[in-house]
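Scroll down for the structure; my scribbles are underneath it.
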Amino acid sequence: MIACSALGLLLTRGALAECRATSPCASAEPLWQTPSAVRFTVVSDTGALSSGQLALGTSLTFRLRPAVLTVPAPNEAGRDVNLISHALTWSLSARWGIGNRLELTALAAGLSQQGAGIKGVTSQSAPGIASPVAQDPRVGFGYSLVPPLPHLGLKLRFEAQLPLGNSAALAGESSAVASPSLAVSARVGGAFTGLELGARLRTPSEFFGVRIGSQALIAAGTGYELVGPRLAFTLECYALPSLVDSGRYRYLPAEWLLSSRWAPRFSGPLAFGVGVGGALPLPGADDGGHGGFGTPRFRALAYVRLTPPSD
């Protein structure tokens, strides 16, 4: 948890939002579950699937209060508007080995959500946010590098998020997002760690007083696997420091996630996992310690993955 909190200290002010009718919509899901996940959820596996091998995964994620705006009100503290009070997201991911340490990845997701929506800022009688809706899909590739040390893994990755989701329902971006990254892993006995560094490059947009643009990506995780029952416990976190001027308020989505993965021997390549997490507390943040629009107060997820052994 100390390492996770260190990521949150990169920026220390929250992303409260001033409401203006001209503000466009934005995605309310900063956490990207990687299609290359094996033991982690955000940090990618560094192994390469053999040519023709296919890995599949499906997950169900619950988020509590991921999109909340503070608007002017007679009281000094203002009024909170739950643009999304809670959301339930289902996703399907795939990666396919094409040989020469290369693989292709894809992820599609849809969600059901409840909340006031954008119109809840200006009207108390407007219809709620659209549900169910499709989120922006992602496609990409990975190239596993030959590691310099036997217990080290390296992978170059690239993902493109396509603006095909419902942006008016806060389920998509207003433009495509390009995300290059480098994943690093190490394992000694049952202990393992992972680190992924990269960026999310997008066209900036104004969202209720916050300028959301290109971001750096910092994700880290550590865990331990019991070899006998093939049971693993992991702690990971991520932060997305803004690479552009975020306007009046600093903007830093940052979360922690504690999860458990069980891969019973009778199930072969099948693995099952559950996890819980939430926003990293940021000292000095204006919104009660949570520095990024879209970062939920609480997150829970469950997944099933079919993952052949990688090289």
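Mapped onto my numbering, the consecutive letters of the sequence shown carry residue numbers 213 to 523. We treat Cβ as the ideally placed atom computed from N, Cα and C, and that holds for glycine. Values in this document were obtained by computation on a predicted structure and should not be read as measured data.
One or two residues paired with residue i in a DSSP bridge
i           : result
residue 398 : 364 and 405
residue 510 : 276
residue 350 : 319 and 373
residue 296 : 279
residue 392 : 370
residue 260 : Looking at the DSSP assignment, residue 260 forms no beta bridge with any residue, so it has no partner.
Residue i to residue j span [Cα, whole Å]
i           : j           : result
residue 383 : residue 265 : 31 Å
residue 373 : residue 464 : 20 Å
residue 356 : residue 479 : 27 Å
residue 359 : residue 325 : 43 Å
residue 368 : residue 381 : 33 Å
residue 448 : residue 341 : 31 Å
residue 353 : residue 319 : 12 Å
residue 477 : residue 246 : 24 Å
residue 315 : residue 474 : 25 Å
residue 436 : residue 484 : 16 Å
residue 346 : residue 423 : 24 Å
residue 304 : residue 279 : 23 Å
residue 519 : residue 392 : 23 Å
residue 442 : residue 403 : 13 Å
residue 273 : residue 311 : 32 Å
residue 222 : residue 453 : Note on residue 222: pLDDT 34, under 50, position unreliable in the model; no value is reported.
For residue i, the three-state DSSP class (helix, strand or coil)
i           : result
residue 386 : coil
residue 473 : strand
residue 411 : strand
residue 478 : helix
residue 212 : Shown here, the chain extends from 213 to 523; a query on residue 212 therefore has no answer.
residue 379 : helix
residue 524 : Residue numbering for the chain in the displayed model covers 213 to 523; residue 524 lies beyond these limits and cannot be assessed.
residue 326 : strand
residue 518 : strand
residue 485 : strand
residue 446 : strand
residue 311 : strand
residue 249 : coil
residue 455 : coil
The ligand ZN heavy atom lying under 6 Å from the CB of residue i
i           : result
residue 372 : In terms of ligand content, the structure shown is empty, and the ligand ZN therefore cannot be addressed.
From the options, residue whose alpha carbon lies closest to that of residue i
i           : options               : result
residue 271 : 280, 399, 504 and 252 : 252
residue 445 : 354, 470 and 456      : 470
residue 515 : 521, 486 and 458      : 486
residue 390 : 426, 378, 256 and 303 : 426
residue 239 : 263, 416, 510 and 267 : 416
residue 508 : 493, 521 and 517      : 493
residue 395 : 388, 406 and 402      : 406
residue 377 : 241, 517, 420 and 518 : 241
residue 262 : 351, 468 and 309      : 309
residue 459 : 482, 420, 472 and 440 : 420
residue 400 : 488, 277, 317 and 434 : 434
Report task. Could you pull out every unbroken beta strand (DSSP E) segment of at least 3 residues lying fully inside the stretch 414–443, listed in chain order? Result -> 417–419, 422–424 and 427–438
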